[in-house]
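Using the numbering used here, read the sequence shown as starting at 111 and increasing by one per residue. So the structure is just underneath, and the comments pick up after that.
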Amino acid sequence: MAGSLTFTMIKPDAVKANNIGNILQMINEAGFRIVAMKYTQLSAAQAGKFYEVHSARPFYGELVDFMSSGPIVAAILEKDNAVDAFRTLIGATNPADAAEGTIRKKYATSIGENAVHGSDSDENALIEGRFFFSGLEMI
Ligand code: GDP
Numbered sequence: 111m112a113g114s115l116t117f118t119m120i121k122p123d124a125v126k127a128n129n130i131g132n133i134l135q136m137i138n139e140a141g142f143r144i145v146a147m148k149y150t151q152l153s154a155a156q157a158g159k160f161y162e163v164h165s166a167r168p169f170y171g172e173l174v175d176f177m178s179s180g181p182i183v184a185a186i187l188e189k190d191n192a193v194d195a196f197r198t199l200i201g202a203t204n205p206a207d208a209a210e211g212t213i214r215k216k217y218a219t220s221i222g223e224n225a226v227h228g229s230d231s232d233e234n235a236l237i238e239g240r241f242f243f244s245g246l247e248m249i
C-alpha cells in the first residue's frame with residue numbers, strides 16, 4: 111500500500127547505550143508493525159553508499175565514520191502514513207530541537223549521533239528498505 115512503509119535504523123550510539131529495547135518499545139507503542147528487521151554493522155563503503163545523497167555536505171566523512179563505527183538495527187516499518195508518522199515519533203535531527211517525548215529527545219546526544227534514522231519520503235523508504243532487505247526478508 112503506497113505510503114504505508116518507512117525504513118529506520120537504530121544508530122551505533124543508541125546500540126552502544128543499550129537503547130535498542132527502549133526504542134523498539136516506543137516504535138511498537140506508536141503502532142508500527144515490523145515488516146523486516148536485522149542487526150548488522152555497515153562497512154564504511156556501505157555507509158557511504160547509503161548516505162551518498164549527503165556526500166557534498168561538510169559532515170559527510172563524520173557521518174560515514176559514525177554510521178560504520180558499530181552495530182545498528184535496520185528495520186522496515188508499516189503504519190498508515192508511515193514516513194510522516196515516524197518522523198514525528200523520532201523528532202528533529204538535532205535533539206536540542208526535538209519535541210518532548212520523541213525518540214531523539216530521549217536518546218540522541220547530538221545532531222550527528224542522533225539515535226535513529228527515519229526515511230524522508232515514500233520513494234526513499236523503498237530505496238533504503240531494498241538496500242538492506244530482499245523480498246524474502248519482508249513479512
Ligand atoms: P535526518 O533526516 O533528520 O536524519 O537529517 P538529515 O537528512 O539532514 O541528515 C542525515 C544525518 O546526517 C542526520 O541524521 C545526522 O546523523 C547527520 N547530520 C546531519 N547534520 C549534521 C551535522 O551538522 N553534523 C554531523 N556530524 N552530522 C550531521
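Glycine is no exception: its CB is placed at the ideal position from the N, C-alpha and C atoms.
The ligand GDP heavy atom lying under 8 Å from the CB of residue i
i           : result
residue 202 : yes
residue 167 : yes
residue 238 : no
residue 189 : no
residue 131 : no
residue 161 : yes
residue 158 : no
residue 194 : no
residue 224 : yes
Endpoints, beta strand (DSSP E) assigned at residue i
i           : result
residue 182 : 182 to 188
residue 248 : Run containing residue 248: none; DSSP gives neither H nor E here.
residue 115 : 115 to 120
residue 144 : 143 to 150
Exposure of residue i, with buried meaning 16 or more beta-carbon neighbours within 10 Å
i           : result
residue 217 : buried
residue 246 : exposed
residue 193 : buried
residue 163 : exposed
residue 248 : exposed
residue 112 : Per-residue confidence for residue 112 stands at a pLDDT of 47, beneath the threshold of 50, marking its modelled position as unreliable; the derived number appears in the next sentence. Exposed: under 16 other Cβ atoms inside 10 Å.
First and last residue of the uninterrupted alpha helix (DSSP H) at residue i
i           : result
residue 280 : No answer is possible for residue 280: the residues shown for the chain start at 111 and end at 249.
- Are the region 115 to 122 and the region 177 to 189 in contact at 8 Å, needing three or more beta carbon pairs? yes
- Task: Tell me, please, whether the region 218 to 236 touches the region 189 to 203 by the rule of three or more beta-carbon pairs shorter than 8 Å.
- Result: yes
- Item | Stretch-stretch touch, CB-based, cutoff 8 Å, three pairs: the region 142 to 149 with the region 187 to 194 | yes
- Query: At which residue ranges does the region 200 to 233 contain complete beta strand (DSSP E) runs of 3 or more residues, listed in the order of the chain?
  - Reply: 226 to 228
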